[in-house]
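Everything below concerns the one structure shown next.
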Amino acid sequence: MNWEDGISALVLLALALLICFGSFSTLAYGNYHRPGPGFLPFWTGVLIGLMSLGLLVKSIWLDGGPGRKSFQGSFRKPLFALLVLTAYGLLLVILGYLICNFLLMVFMILLMEKKKWYVALGSGLITALAFYVVFSVWLQVPLPRGVLF
Amino acid sequence: MGLIENVLYGFGVALTPLHLFLCFMGALAGTLVGVLPGLGPVGAMSMLLPVTFVISPTGALIMLAGIYYGAQYGGSITSILLNVPEEATTIVTCLDGNAMAKAGRGGPALGISAFGSFIAGTLAICGTILFAFPLTSFALKFGPPEYFGLICMGLVILTYLSRGSMLKSLVMAVLGIFVSTIGMDSMTGVSRFSFGNISLREGVGLVPIAMGMFGLGEILTTLGEERKQEVLKAKLSHIFPSLQDWKDSTGPILRGTILGFFLGILPGGGALVSSFASYAVEKKLSRYPEKFGTGVIEGVAGPESANNSGAQASFIPLLTLGIPTNIVTAILLGALLIHGITPGPLLMKEKPDLFWGVITSMYIGNIMLLVLNLPLIPLWVKILHVPKYILFPVILLFCLIGVYSVNNNVFDIFLMIFFGVVGYVVKRLDFEPAPFILAVVLGPIFEENLRQSLIFSRGDFSIFFTRPIALGFMIVTILLVVGPFMPRLKRKKMILQKE
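Chains A and B are the protein sequences, given in the same order.
Every number in the working numbering is 8 more than the matching position in the first sequence, counting from 1.
Every number in the working numbering is 61 more than the matching position in the second sequence, counting from 1.
Given below as structure tokens:
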């Protein structure tokens, strides 16, 4: 049995059931003469459900062996990157993009290569300023300045 | 206006200083993106999409188109020198291109790649100009059932040609259609699956999805694995191919151009399919097929010409029918819709400056790329030495700023992060993200035409099978869906994928 495909299929099946239930209970299905807003979402749920059943059958009976291990390698760096990005999103409006860009660069450099702190700080500062010049000054893209500026 | 007058008008639009500058910037950005790891043309176009809000739709499309075909040129450099295809469309170039480089013939490989791409691009643009009128006239016969059939066919062709399981690709396509329904229903104004969130009521934007799955997802994948890149230390000399090289490459270039052009027009087609098909054809036609993979110039000339020809041709369905045939043109459609332009059969009449300006700018862009690529190869190689710890955070910053600036909404950043995780997970589990994104872009058109068809036919589904053009599309769709489950066709597909 291919465990990974099997679990993917079960997750998709659960999602399909939620979609079908959500479409039918909260939206007007309409009829074939005049399909309502719930019509297409419902049928996408049905199709996803049917295909995930097919995937489940394939993983249990047709695929020999446990399948390759897809999640090999380290998760530490990707997880840390996601934390940094989430913090960026939460702090962007408060601290402003200049400080957030600087902090993101510093943390990402330290995460990726464990460089000396002054390398990270220097690179972060140069990059944040370069982005400021390109996006705010040159392209006039409106970005949040934060409470400090 | 006749054809020649239209083309001259197009050159008049494309040769303005601003459009020339935008074409150059697009070609340069495309080449850079093609060379650098971690970001493809889709990610780059998504990042630069907000920048296009301050310019005209014509300028926006010229720049974004430049990124697409520029990336074909740039991707060849890493394929030949590093044996690392940063673009899927240049995978086959690695086979013989890198072998040529290792044998000290990297220069001619890069040279024939650039010249072949230029010749193919030029001929493909001529083909585009010739095909535009008849295809537009044909498209005027399309009604909602025909558009519905065409979109079904396009989605299914893309899933058929995707790597790995077709079932998984179909799941991604249908999921994409579901995600496209999130937000306000255009026909009734009812909010769907927004859970009371004001941001979700606008729907899930293309930019957070594309940047998340292709930009952030790729970076997360790279962070989780260690991959060392060895840049070829050999000196590059004689980038101009010899007379013998030209003799050997002429046939492959011409065949690649024609093959790439017709495959590029098809839904699901474009540069990717074209390059693979060309390699297979050259190998079959060669007097010494056993030498393919060891460094024969035909193995570079054909696919490189085909991928650029396919890239140019993929604009035809977008501009004439308003239907994108692959992810890149889906992003372009998204860009046009953001600018308030709906491409289709009437685009040529209503916006001739955009239509002819973009087509003629592609020719100018190809000239620029030839100039950029050949003498600047050592510079592009130097860029590859930029350390990853600088490169990836900078790419992330581009993605974050790009996604925020579309709606000035922090929620889009969290959406990008969510789809970044989704992109990371699905790639690991062998689910292709491309059908998902194409379906998200096509979803609203798909639903609108489905519902209009059913209203028109009073609920009778036979409308999709009684109108000849729609019937043709539905037959191809059904054959492609059923085909992989038939043993003989399944074997053929596996052989195709293996080759």
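Don't be surprised by glycine CBs; every beta carbon is placed ideally from N, CA and C.
When the distance is taken between beta carbons, is G237(B) closer than 7 Å to V595(B)?
Shown here, chain B extends from 62 to 560; a query on residue 595(B) therefore has no answer.
Buried versus exposed call for Q373(B) [16 or more other C-beta atoms within 10 Å across all chains shown]
That one is buried.
Alpha-carbon to alpha-carbon, G104(B) and T283(B)
Whole-angstrom Cα-Cα distance: 15 Å.
Taking only beta-carbon positions, decide if L93(A) is within less than 7 Å of chain B.
It does; some Cβ of chain B falls within 7 Å.
For the segment 350 to 413 of chain B, list the alpha helix (DSSP H) runs that are entirely contained and at least 4 residues long, ordered along the chain.
Complete alpha helix (DSSP H) runs here, min 4: 359 to 374, 376 to 382, 388 to 399, 408 to 411.
Between S260(B) and chain A, is any beta-carbon pair separated by less than 7 Å?
Judged by the 7 Å Cβ criterion, S260(B) is not in contact with chain A.
Mind listing the chain B neighbours of Y126(A)? Cutoff is C-beta to C-beta under 9 Å, in chain order.
Going along chain B, no residue has its Cβ under 9 Å from Y126(A), so there is no contact; the nearest lies around 14 Å.
Separation of G73(B) from F82(B), as counted between CA atoms
For F82(B) and G73(B), the distance between alpha carbons rounds to 14 Å.
Contact between the segment 193 to 207 of chain B and the segment 505 to 520 of chain B: three or more CB pairs below 8 Å?
Output reads yes: the segment 505 to 520 of chain B touches the segment 193 to 207 of chain B.
I'd like the ranges of any alpha helix (DSSP H) spanning at least 4 consecutive residues and lying wholly in the segment 112 to 171 of chain B.
Runs found: 118 to 143, 152 to 161.
Since P195(B) sits in a beta bridge, which residues does DSSP pair it with?
Beta-bridge pairing links P195(B) to no other residue.
Reducing DSSP to helix, strand and coil, say where M245(B) ends up.
Note: M245(B) maps to strand in three-state DSSP.
What does the Cβ neighbour count give for W146(A), buried or exposed, with the cut at 16 atoms within 10 Å?
Residue burial is scored here from C-beta neighbours: W146(A) has fewer than 16 other C-beta atoms within 10 angstroms and is therefore classed as exposed.
Pair every Cβ in the segment 133 to 141 of chain B with every Cβ in the segment 170 to 187 of chain B, then say whether three or more of these pairs are closer than 8 Å.
Using a C-beta cut-off of 8 Å, the segment 133 to 141 of chain B makes contact with the segment 170 to 187 of chain B, since at least three inter-stretch Cβ pairs fall below that distance.
Is the beta carbon of G131(B) less than 7 Å from the beta carbon of A160(B)?
If you check the CB distance, G131(B) and A160(B) do not come in under 7 Å.
For P43(A), which of helix, strand or coil comes out of DSSP?
DSSP places P43(A) within a strand segment (E or B) once states are collapsed to three.
Status (buried if at least 16 other CB within 10 Å, exposed otherwise) for Q290(B):
Confidence at Q290(B) is low in this model, with a pLDDT of 49, below 50, so its placement is unreliable and no value can be given for it.
Can you look up L21(A) in the DSSP assignment and give me helix, strand or coil?
When DSSP states are grouped into helix, strand and coil, L21(A) belongs to the helix group.
What are the residues of the segment 348 to 359 of chain B that lie near chain A, defined by any Cβ-Cβ distance shorter than 9 Å?
Within the segment 348 to 359 of chain B, no residue qualifies.
Between the Cα of P505(B) and the Cα atoms of C84(B), P385(B), L346(B), I218(B), which residue gives the shortest distance?
Looking only at C84(B), P385(B), L346(B), I218(B), the smallest Cα-Cα distance to P505(B) is reached by P385(B).
With DSSP run on the structure shown, which of helix, strand or coil describes R253(B)?
The answer is strand: DSSP assigns R253(B) an E or B state.
Does DSSP put G273(B) in a helix, a strand or coil?
Look at G273(B) here: in three-state DSSP terms it is helix.
So what does G215(B) bridge to, in DSSP terms?
For G215(B), which the question treats as bridged, DSSP gives no partner whatsoever.
Mind checking I402(B): buried by the 16 CB within 10 Å criterion, or exposed?
By the Cβ neighbour-count rule, I402(B) is buried, with 16 or more other Cβ atoms within 10 Å of its own.
Proximal chain B residues relative to I68(A), where beta-carbon distance stays under 9 Å
Simply none; closest approach about 14 Å.
Assuming M9(A) and I68(A) form a contact by the criterion Cβ under 8 Å, report the distance between their Cβ atoms to the nearest whole angstrom.
That belief holds up - the Cβ atoms of M9(A) and I68(A) are roughly 5 Å apart, short of 8 Å.
At 9 Å on the CB atoms, spell out the chain B contacts of F32(A), in chain order.
Residues of chain B whose Cβ lies closer than 9 Å to the Cβ of F32(A) do not exist, since the nearest Cβ in that chain is about 12 Å away.
Check the Cβ-Cβ distances between V149(A) and every residue of chain B, and say whether any is below 7 Å.
So yes, V149(A) belongs to the interface.
Show which residues of chain B have a CB atom less than 9 Å away from the CB atom of L129(A).
Neighbours of L129(A) on chain B: none; closest Cβ ~13 Å, over 9 Å.
Can you check whether the C-beta of F50(A) is within less than 7 Å of a C-beta belonging to chain B?
It does not; no Cβ of chain B falls within 7 Å.
Keeping to the same chain, check which residues put their C-beta closer than 6 Å to that of K229(B); ignore five residues upstream and five downstream.
A distance below 6 Å between beta-carbons, with the five flanking residues on each side excluded, links K229(B) to the following residues of its chain, in chain order: F492.
Listed from N- to C-terminal order along the chain, which residues in the segment 88 to 112 of chain B have their beta-carbon within a distance smaller than 9 Å of any beta-carbon of chain A?
Of all residues in the segment 88 to 112 of chain B, the ones placed with a Cβ closer than 9 Å to any Cβ belonging to chain A are P111, V112, in chain order.
W307(B): first and last residue of the uninterrupted alpha helix (DSSP H) it sits in
Per DSSP, W307(B) belongs to the alpha helix (DSSP H) from 304 to 326.
Report the residues of the segment 458 to 470 of chain B with a CB closer than 8 Å to any CB of chain A, ordered along the chain.
For the segment 458 to 470 of chain B, which is checked against every Cβ of chain A, the residues closer than 8 Å are L458, L461, I462, Y465, S466, N469.
G38(A) (DSSP reduced to helix, strand or coil):
Shown here, G38(A) sits in a strand according to DSSP, grouped into three states.
Taking C-beta to C-beta, are V471(B) and G97(A) nearer than 7 Å?
G97(A) is positioned such that its CB atom lies closer than 7 Å to that of V471(B).
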